[in-house]
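Worksheet for the structure shown next.
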Amino acid sequence: MGRVALGDQQAFTGVFEAVSGPVLGLVRTVLRDPAQSEEVAQEVLVEVWRTAARYQPARGSVMTWVLTLAHRRAVDRVRSEQAASAREKRVALLDHTPAYDEVVEQVESRLEREQVRRCLRNLTELQRQSVTLAYYRGLSYREVAELLAAPLGTVKARMRDGLVRLRDCLGVGA
């Protein structure tokens, strides 16, 4: 392995011939897919070539070191495949979530409009006209006062009082 770490191709050929069969066998038992097993075995052998300097003889034989690399790489591939499968399942579930229920929204909106109309009927005429002109027609206080031929201060006070009564009628918190 020392010569492989220095870039000796003949030394690597010897290591390759000694470990390639056991590496492929180990990877195949973990992955079970022949094509993926060959791919992972190739990755392991490339890693052996690139990282030969990391081999420490005191920690075990070359075969043990290479098979440890192979087992880790195969387990990583299994985990990666499982994660990808889980992501695909989540995406598939999201694609099958029910569409936004427009009927429910329309019914709720209609009920809210009816409640607002009922509450508007409880206001005085000036309050109802002021609120309606300001909020449904988008007029300013001054424009509402001019249209109703009422003093600006009176329109502001009636609108404020009308909005307070609407809030209370609709049950909206302050």
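Residue numbers for the sequence shown follow this note's numbering, beginning at 2 and rising by one.
Think of the CB as a built atom: it goes at the ideal place given N, C-alpha and C, for glycine as much as any other residue.
Since the model is a prediction, treat every value here as computed from it, not as a measurement.
Using a 10 angstroms sphere on the CB of V104, the tally of other CB atoms stays under 16, which defines it as exposed.
Per DSSP, reduced to three states, the secondary structure at P152 is coil, with no helix or strand assignment.
In the pairwise beta carbon analysis, the stretch 3–14 is classified as not touching the stretch 29–41: fewer than three pairs are separated by under 8 Å. In the structure shown, the three-state DSSP call for D34 is coil.
Three or more Cβ pairs closer than 8 Å define a contact, and the stretch 78–92 falls short of that threshold against the stretch 52–61.
Around the beta carbon of M2, 16 or more other beta carbons sit within 10 angstroms, so the residue counts as buried. Listed in chain order, the non-local C-beta contacts of R78 below 7 Å within the same chain comprise L32, Q37, V41, local neighbours out to five positions each way being set aside. Between Y142 and L153, the CB-CB gap stays under 8 Å. Closest in C-alpha terms to V45, from the list L94, A71, V20, comes A71.
DSSP places S62 in the coil class of the three-state scheme, outside both helix and strand. About 3 Å separates the CB atoms of G163 and Q128; that is less than 8 Å, so the two are in contact. Taking C-beta separations shorter than 8 Å and ignoring five residues to either side along the sequence, the partners of L121 in its chain run R129, V132, T133, L167, following chain order.
In the three-state reduction of the DSSP assignment, S110 falls in the helix class, which pools H, G and I.
Counting the other CB atoms within 10 Å of its CB gives M160 a total of 16 or more, which places it among the buried residues.
From the listed residues V165, R60, E109, the smallest Cα separation to T125 is found for V165. Here L94 is exposed: its Cβ has fewer than 16 other Cβ atoms, across all protein chains shown, within 10 Å. With contacts defined as CB atoms closer than 8 Å, V5 and V16 qualify as a contacting pair.
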